[in-house]
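Before any comments, here is the structure.
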Amino acid sequence: MYGVNEGVAEDLRSGRFGAGFSGAEMLENSAAQRADSPDGAGTIGNIQAANPYMVASGVNVHYGDNHAIRNVSLEIGKNEVIALIGPSGCGKTTFLRCLNRMNDTIESARVTGEITLDGHEIHDKSLDVVALRARVGMVFQKPNPFPKSIYDNVAYGPRIHGLASTRAELDEIVHGSLQRAGLWEEVKNRLHEPGTGLSGGQQQRLCIARTIAVSPEVILMDEPCSALDPIATARIEDLIDELRRNYAIVIVTHSMQQAARVSQRTAYFHLGDLVEVDATNKVFSNPGHRLTEDYITGRFG
Amino acid sequence: MSNGGQNPTARQIMERGLARRYRKERHFRALGITASCIGLIFLVLFFASIVSGGHSAFSQTYIALDISFDAQKISGGDTSPEALATGDYAGLVKSSLYTLFPDVKGRSDKRKLNRLISVGAEYQLQDKVMANPGLIGTEAQVWVPAAANVDMLVKGNIDRELDERSRPLGDKEIAWIDQLEQQGLLDRQFNTALFTNGDSRDPELAGIRGALMGSFYMLLVTIALAFPIGVAAAIYLEEFAPKNRWTDLIEVNINNLAAVPSIVFGLLGLAVFINFVGLPRSAPLVGGLVLALMTLPVIIIAARASIKAVPPSIREAALGVGASQMQTVFHHVLPLALPGIMTGTIIGMARALGESAPLLMIGMVAFVVDIPQSAMDPASALPVQIFLWADSPERAFVERTSAAILVLLGFLLMMNLAAVLLRRRFERKW
């Protein structure tokens, strides 16, 4: 329904998701891989988390006739960061958007399979999508603060969910969220200036503060540092490490260094298949699949 | 390129083409400047002709008369309000004139003399007395409007050199007018009647107040209907409606509706609102309904465009923190789209204000003297008033037509200015 989503869907539909590929051999390889394992059983490594909080099993996403991700099963654990890596168009963002049902906004998208949050199926009628998105927060690729004051940006979520009954409580939530997002010291004297006036890195931390202001259980991050410089990126990465104590975090990233730095587990996606999942140091030091190895060693991607 | 010695290199080929490219650019610029200049010239000509034709209508010739408010003459001595309301004030004017020109004798000459003063003078005196009965028995100098022909002569619109038979004022009358002018009893003052009176058969008494009020009530009805319905339709189509064949069909129809000639909307209004629903003819309510129908597609298209221009990232941000779709639209999308929507609406309203064709079909072309007090009273509208006056044979209506056009243009300019200012004020950058 919306431009960007449509753009994503368009990319996927037109089959551009092989972008970044170099060798024809690689394509053949993946085709063979897929033929061998039509049900996604080809995922190697260990999909299980130590302390699973969200569990996806057999998730398929179709955009119209296009099978964007196939049979992905993955557990997301509490107090850990899981990084989703893979070449452009491999389905990692699509999978991420399944977790808080953001794919609902794309008309042609069809999601099948099971995804549970704390044991409850998220597509179940008993779990409202608005409530789900409050529990599973999302930080986007491009910092997207509302064109309102810094205070109102953070206060918006608590306001619509009725989390604060008094002004003082709301102030406390805003203060706490900005503090945890590591932005408080920089903005405490300008809370009522527009959030769009901050620098890119500050804007992204503001978006993180906005997300944690509604006390989510899981935070989804879609390439949160791709528009930031290395210093701002380092600050966000420190922040992610901090946040891990309280939240389950899923981060999509194109930077393998970033995945190695911030995550405990890494999942490698390839052309809609979840190829390999394992502890991050295992994936980067001793990948189990040739595609994973080629990707992390920079043979393509 | 490898045998560079004989064949021109890519750089040489490029450089040869460069001159031609620049020449083309120069030609295009010259063409653009010419086009803009032609447009400007026509605009200047248009304004010059209207202003030069219309500015004189903002003043009007008045004649000072010494009036003795004699109760005997007015109502035979009766000073009760009823008697004063029906009294003979024309007599006061006449006797004052006869004292001013004691030499004028004979019925025909006296009639000519009386015709120098507008029939509005007696009503002016009556209003004065009704407002202040204490005037009875006193004498006062009163400035009363001169007749349209006197006004035209003073403004130089009647050629004194012409043969007497082919001009509206005879030699005698011109002599009287000159005499008045020499005595300082004739003066050009601001034409308040133009702004306070309704339409009239007498040019010196005709004003645009009735038409202005008609246009005002009409636009009130139009904006009250077209804005909420248009914005609601745009929001639904853009944010909620599924994209399928039906919504495509609706979209095509809305776009087509914007291109339907306005007179067709007038016919529709005649058939539906007047003949079927039974609403009164000539009423601003019906005019407003018709103009609302006409403006609706313009507003819907403008609103959809500005809703579409709100970055999708804002919607995702709102949905991402758990706002419902309704909250996303009303908290974030609509406030950001509103400046664009308002600009579109104002431009649509400006078009509605200048529209006359559909109003002809629903009877708003009538000659209405009374100033409408509500949207149900018969009224005309500013562009229709211009049309009516342009059709009148009297010389004095020519300048009033231009003056009415100036007023209409003034309102249109104000509305467009408001649109520009709104856009400047609320424009957001990401």
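Residue numbers (this note's numbering), protein chains in the order written: chain A, 3 to 303; chain B, 3 to 432. Virtual Cβ for every residue (Gly too), placed ideally from N, Cα, C.
- The beta carbons of residue 250(A) and residue 79(A) sit about 6 Å from each other, so the pair counts as a contact at 8 Å.
- The beta-carbon separation of residue 305(B) and residue 339(B), rounded to 7 Å, stays under the 8 Å limit for a contact.
- Burial check for residue 244(A): the Cβ neighbour count within 10 Å stays below 16, so the residue is exposed.
- With a threshold of 8 Å between beta carbons, residue 109(A) makes contact with chain B.
- By the Cβ test, the stretch 192 to 208 of chain A is not in contact with the stretch 115 to 128 of chain A, since fewer than three Cβ pairs between them sit closer than 8 Å.
- The three-state secondary structure of residue 210(A), taken from DSSP, is helix.
- Residue 100(A) is positioned such that its CB atom lies no closer than 8 Å to that of residue 272(A).
- By the Cβ neighbour-count rule, residue 198(B) is exposed, with fewer than 16 other Cβ atoms within 10 Å of its own.
- Separation of the CB atoms of residue 159(A) and residue 323(B) is rounded to 4 Å, and the pair is thereby assigned contact status at 8 Å.
- The beta carbon of residue 322(B) falls within 8 Å of a beta carbon belonging to chain A, placing the residue at that interface.
- For residue 43(B), the nearest beta carbon of chain A is not closer than 8 Å to its own beta carbon.
- Close partners of residue 325(B) in chain A (Cβ separation under 7 Å): 162.
- Look at residue 61(B) here: in three-state DSSP terms it is strand.
- In the structure shown, residue 91(B) falls within a coil segment according to DSSP collapsed to helix, strand and coil.
- Look at residue 147(B) here: in three-state DSSP terms it is strand.
- Taken in chain order, the whole beta strand (DSSP E) runs of length 3 or more contained in the stretch 182 to 265 of chain B are 188 to 192.
- The straight-line gap separating the alpha-carbon atoms of residue 171(B) and residue 290(B) is approximately 44 Å.
- A contact between stretches requires three or more CB pairs, one per stretch, nearer than 8 Å, and the stretch 56 to 67 of chain A meets this requirement with the stretch 111 to 118 of chain A.
- Under the 10 Å beta carbon count, residue 248(B) is surrounded by fewer than 16 other beta carbons and is classified as exposed.
- In the pairwise beta carbon analysis, the stretch 207 to 218 of chain B is classified as touching the stretch 397 to 413 of chain B: at least three pairs are separated by under 8 Å.
- Membership of residue 139(A) in the beta strand (DSSP E) is indicated by the continuous run 138 to 141.
- Sequence-distant partners of residue 179(A) (beyond 5 residues in either direction) whose C-beta falls short of 6 Å from its own C-beta, in its chain, are 156, 211, 214 and 215.
- Taking the Cα positions, residue 283(B) is about 12 Å away from residue 274(B).
- The three-state secondary structure of residue 314(B), taken from DSSP, is helix.
- Each of 288(A), 72(A) and 166(A) was checked against the Cα of residue 116(A), and the nearest Cα belongs to 72(A).
- Rounded to the nearest angstrom, the Cβ distance from residue 118(A) to residue 56(A) is 7 Å, consistent with a contact under 8 Å.
- In the three-state scheme derived from DSSP, where H, G and I count as helix and E and B as strand, residue 203(A) is classed as helix.
- Boundaries of the beta strand (DSSP E) around residue 60(A): 54 to 65.
- With 16 or more neighbouring CB atoms inside 10 Å of its own CB, residue 63(B) falls in the buried class.
- Assigned with DSSP and collapsed to three states, residue 271(A) falls in strand.
- Per the DSSP secondary-structure output, residue 281(A) pairs in a beta bridge with 267(A).
- Residue 276(B) carries a helical assignment under DSSP once its states are collapsed to helix, strand and coil.
- Residue 268(B) and residue 310(B) have their alpha carbons spaced roughly 32 Å apart.
- For residue 315(B), the neighbours in chain A by C-beta distance under 8 Å run, in chain order, 6, 142, 144 and 146.
- Using beta-carbon distances, residue 216(A) counts as an interface residue toward chain B, with a partner under 8 Å.
- Interface flag for residue 29(B) against chain A is unset, since no Cβ pair is found closer than 8 Å.
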